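**Q** Residue numbers (the numbering used here): 1 to 624. Take this structure first; my questions come after.
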């Protein structure tokens, strides 16, 4: 995690090192090397503080000078800034995806389930796996933070820093984006020294509370949006290696505002006043929020063709496709997803199941299911050719199911609908092409965010419609992203059971009922982003997911409750701040709610409670 060396040359080299060598992505006995035992190869005198800059961003700014030796090295780094930035963006969410995200966050979000005996009784079933969680921690602190530090220092410490203002703050926007996923995984964490592009000098690295981390992230976004000038043609710009927005500064600004709104709603239950302030600031900003699916924040696989933003490499494919199809069904549709696909609407798209020699059964399902998942009982040959049995139906696996109920022979559950490896043309009938970009924050989500903001009574120039209007628009945008036939989209939206069964919450005053509809549809639209799906489930207790069937946490997560966070990696035992902070260590359980998570989904007997996401400010103060 932490790097304590003053030499910028050594630091740059160190950024490319792995924390440990993995012989197999399933090896839970990997040794997590102590980051505090890295050799000190310092050659310079370090940074010199320049004092308080008198702004409200003083604790975030780079208020220091560097040595001549380091300044010379930054010139070299500046020449390589484009390639560093590309890796920073690419590895941000993709790095070690299976062990850091798919076998934890994606499952905890209710998107996928584990049907592999070799993974059972580990992270998918709430047992802490240090080789996996530790990897997520180290990827953020040792790699992405090192790239961020190198970029910011090279953009600032040169003869014309004003030319690099836009890229300086775009880099900060993306770092806040990555930090959000990290703090929403662990809670309290070291942050401000890293934001300042500093290198902690000792093995006594202070943690900020999650509330402090959120405060810093809000101010990072505010300062960035206020500092970037999209009309300044003299600004240094990264285009081809900006695999998210290809140098479109306006899109970066709209992304920053949308991210700010996401964060504002995340804290709406615990700190409604700050939430509304930040949310309305985003909604009133001159650059606005995402305008269409063209604004989606994506990761383009390296496997993708160059004209799509990839490098046309033979590896580094779409992460979920790799975790599902490439590994022969190791990540399957959850039972929860199957139920929501089937039961939210009487409309959608028809499909048939062959019965007997000439008989067929016709069913209707959410159109997104038909392009995202194969039917069940796939064979190895079927996976290789992209063909499925038309006699089978879609089948989800219950999270936490164990042998003998789960088996790989045959593939009993639905896996991602992925074209055979080698086909790079994006066919919308096979959504999870190996070359398909992955959306981490998209236009559909932004519309659901607006729907909830309107529900909470927030105001802003970007709020031009009502709660239900944004709800329907969010579904439409999700369907449009998947290139669903407009007729099927209309059928699905108009066939929603909240309309047909006469219990439309949007026509009444039940905010909680409205929120359930908003978050459930947002959950479907956000798939397969388990980072966000799990966070929103913990915040709102929606959608209503089936309880995990197996709990191997050893009491860390009470029986009948859901997992709330990941443990800090074992390597933190070398951080004296962590060792000596009794309160921090006491909170280090997988059952401890994060700061913004004010209530449990279930009672002590495992029964689902009626969520309450509209506490008064006075109540929230008491909850803190």
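We treat Cβ as the ideally placed atom computed from N, Cα and C, and that holds for glycine. It should be emphasised that the depicted structure is a prediction, and the values quoted were computed from it without experimental measurement.
Using CA atoms only, rank isn't needed, just tell me which of 434, 401 and 601 is closest to residue 118.
**A** For the purposes of this step, residue 118 is taken as the residue at position 118 of the chain shown. Comparing Cα positions, the closest option is 401.
**Q** Does DSSP put residue 397 in a helix, in a strand, or in coil?
**A** Against the chain shown, residue 397 aligns to sequence position 397. Here residue 397 sits in strand by DSSP.
**Q** What are the partner residues of residue 362, as DSSP defines its beta bridges?
**A** Here residue 362 refers to the residue found at position 362 when the chain shown is read from its first residue. 352, per the DSSP bridge assignment.
**Q** Quick check on residue 290: does DSSP put it in helix, strand or coil?
**A** In the chain shown, counting from the first residue as 1, residue 290 sits at position 290. If DSSP states are grouped into helix, strand and coil, residue 290 belongs with coil.
**Q** Helix, strand or coil for residue 49 per DSSP?
**A** Here residue 49 refers to the residue found at position 49 of the chain shown. It is a strand residue.
**Q** Please report how far the alpha carbon of residue 251 lies from the alpha carbon of residue 581, in whole angstroms.
**A** Reading the chain shown from its first residue, position 251 is the one you call residue 251. Reading the chain shown from its first residue, position 581 is the one you call residue 581. Straight-line Cα distance between these residues: approximately 42 Å.
**Q** For residue 27, I'd like the list of residues in its chain whose CB is within less than 8 Å of its CB, leaving aside the five on either flank, ordered along the chain.
**A** Taking the chain shown and counting its residues from 1, the one referred to as residue 27 is at position 27. Reliability of the predicted coordinates at residue 27 is poor, the pLDDT of 34 falling under 50, and no value is obtained from them.
**Q** Going by the beta-carbon positions, is the gap between residue 389 and residue 366 smaller than 8 Å?
**A** Within the chain shown, the letter at position 389 stands for residue 389. Within the chain shown, the letter at position 366 stands for residue 366. Not a contact, by the Cβ cut-off of 8 Å.
**Q** Could you check what DSSP says for residue 195 in three-state terms: helix, strand or coil?
**A** Numbered from its first residue, the chain shown carries residue 195 at position 195. The answer is helix: DSSP assigns residue 195 an H, G or I state.
**Q** Distance check for residue 233 and residue 156, CA to CA, integer angstroms please.
**A** Mapped onto the chain shown, residue 156 falls at position 156. Mapped onto the chain shown, residue 233 falls at position 233. C-alpha separation (whole angstroms): 19 Å.
**Q** Less than 8 Å separating the beta-carbons of residue 396 and residue 338?
**A** In the chain shown, counting from the first residue as 1, residue 396 sits at position 396. In the chain shown, counting from the first residue as 1, residue 338 sits at position 338. Yes, these two residues count as a Cβ contact at 8 Å.
**Q** May I have the straight-line CA-CA distance separating residue 39 from residue 482, to the nearest angstrom?
**A** Along the chain shown, one-based indexing puts residue 39 at 39. Along the chain shown, one-based indexing puts residue 482 at 482. At residue 39, the pLDDT of 34 sits below 50, so the modelled position is not reliable; the number obtained from the coordinates is stated separately. Rounded to whole angstroms, residue 39 and residue 482 show a C-alpha spacing of 50 Å.
**Q** Taking only runs of the alpha helix (DSSP H) that begin and end inside the segment 203-275, which ones reach a length of at least 4 residues, in chain order?
**A** 210-227 and 249-266
**Q** So the candidates are 542, 89 and 449; which of them puts its Cα closest to the Cα of residue 299?
**A** The sequence position of residue 299 within the chain shown is 299, counting from 1. It is 89 whose Cα lies nearest to the Cα of residue 299.
**Q** Give me, in chain order, the residues of the same chain whose beta-carbon lies closer than 8 Å to that of residue 360; leave out the 5 immediate sequence neighbours on both sides.
**A** Walking along the chain shown from the start, residue 360 turns up at place 360. Answer for residue 360: 352, 353 and 354, listed in chain order.
**Q** Can we say the segment 520-539 touches the segment 593-610, given the rule of at least three CB pairs closer than 8 Å?
**A** yes
**Q** Taking C-beta to C-beta, are residue 193 and residue 200 nearer than 8 Å?
**A** Along the chain shown, one-based indexing puts residue 193 at 193. Along the chain shown, one-based indexing puts residue 200 at 200. Yes, these two residues count as a Cβ contact at 8 Å.
**Q** So if DSSP puts residue 345 in a beta bridge, which residue, or which two residues, is it bridged to?
**A** Against the chain shown, residue 345 aligns to sequence position 345. DSSP, once it has assigned bridges, lists 496 as partnering residue 345.
**Q** In whole angstroms, give me the CA-to-CA distance for residue 609 and residue 152.
**A** Your numbering for residue 609 matches position 609 in the chain shown. Your numbering for residue 152 matches position 152 in the chain shown. Looking at the two C-alpha atoms, the distance is approximately 46 Å.
**Q** If you draw a straight line from the C-alpha of residue 272 to the C-alpha of residue 213, how long is it?
**A** Position 272 of the chain shown, counting from 1, holds the residue named residue 272. Position 213 of the chain shown, counting from 1, holds the residue named residue 213. Their backbone Cα atoms lie some 17 Å apart in a straight line.
**Q** Taking residue 369 as part of the alpha helix (DSSP H), name the residues at either end of that continuous run.
**A** Taking the chain shown and counting its residues from 1, one reaches residue 369 at position 369. Taken as a continuous stretch (DSSP letters only), the alpha helix (DSSP H) holding residue 369 covers 367-372.
**Q** If you draw a straight line from the alpha carbon of residue 348 to that of residue 517, how long is it in whole angstroms?
**A** Locating residue 348 in the chain shown gives position 348, counting from the first residue. Locating residue 517 in the chain shown gives position 517, counting from the first residue. Rounded to the nearest angstrom, the two C-alpha atoms are 17 Å apart.
**Q** Residue 429: buried (16+ other C-beta within 10 angstroms of its C-beta) or exposed?
**A** Within the chain shown, numbered from 1, the residue matching residue 429 stands at position 429. Classification of residue 429: exposed, given that the 10 Å Cβ count is below 16.
**Q** Counting C-beta neighbours from all protein chains within 10 Å, is the total for residue 362 16 or more, i.e. buried, or is it exposed?
**A** The residue given as residue 362 occupies position 362 in the chain shown. Here residue 362 is exposed: its Cβ has fewer than 16 other Cβ atoms, across all protein chains shown, within 10 Å.
**Q** What's the call for residue 391, buried or exposed, on a 16-neighbour Cβ count within 10 Å?
**A** For the purposes of this step, residue 391 is taken as residue 391 along the chain shown, with counting starting at 1. Residue environment: residue 391 is assigned as exposed (fewer than 16 neighbouring CB atoms within 10 Å of its CB, all protein chains considered).
**Q** Please classify residue 559: is it buried, with 16 or more other beta-carbons within 10 angstroms of its beta-carbon, or exposed?
**A** Translated into the one-based positions of the chain shown, residue 559 becomes position 559. That one is exposed.
**Q** Suppose you measure from the CA of residue 649 to the CA of residue 589; what does that come to, to the nearest Å?
**A** There is no way to answer for residue 649, as the model of the chain reaches only from 1 to 624.
**Q** Let me confirm a value: residue 35 is counted as buried when at least 16 other C-beta atoms fall within 10 Å, else exposed. Which label applies?
**A** In the chain shown, residue 35 corresponds to position 35, counting from 1. Annotation note: pLDDT 45 at residue 35 (below 50); position unreliable, no value reported.
**Q** Which class does residue 153 belong to by DSSP, given the choice of helix, strand or coil?
**A** Position 153 of the chain shown holds residue 153. Three-state DSSP puts residue 153 in a helix.
**Q** Looking only at C-alpha atoms, which of 413, 255 and 63 sits nearest to residue 394?
**A** As a working note, residue 394 is residue 394 in the chain shown. Selected option, being the one with the closest Cα: 413.
**Q** Taking contact to mean 3 or more Cβ pairs, one atom from each stretch, closer than 8 Å, check whether the segment 54-61 and the segment 254-273 are in contact.
**A** No, the segment 54-61 does not touch the segment 254-273.
**Q** Have a look at residue 24 and residue 602 and give me their C-alpha separation to the nearest angstrom.
**A** Along the chain shown, one-based indexing puts residue 24 at 24. Along the chain shown, one-based indexing puts residue 602 at 602. Model confidence at residue 24 stands at a pLDDT of 32, short of 50, so the residue's coordinates are unreliable and nothing is read from them.
**Q** Rounded to whole angstroms, what is the Cα-Cα separation between residue 257 and residue 286?
**A** As a working note, residue 257 is residue 257 in the chain shown. As a working note, residue 286 is residue 286 in the chain shown. Those two C-alpha atoms are separated by around 10 Å.
**Q** Taking C-alpha atoms, which residue in 544, 301 and 379 lies nearest to residue 336?
**A** As a working note, residue 336 is residue 336 in the chain shown. Measuring from the Cα of residue 336, the nearest candidate turns out to be 544.
**Q** Suppose you measure from the CA of residue 547 to the CA of residue 333; what does that come to, to the nearest Å?
**A** Counting from one through the chain shown, the residue named residue 547 turns up at place 547. Counting from one through the chain shown, the residue named residue 333 turns up at place 333. Roughly 16 Å between the two C-alpha positions.
**Q** Taking the continuous alpha helix (DSSP H) assigned at residue 562, which residues delimit it?
**A** Residue mapping note: residue 562 aligns to position 562 of the chain shown, counting from 1. It is not in any alpha helix (DSSP H) - residue 562 carries neither H nor E in the DSSP assignment.
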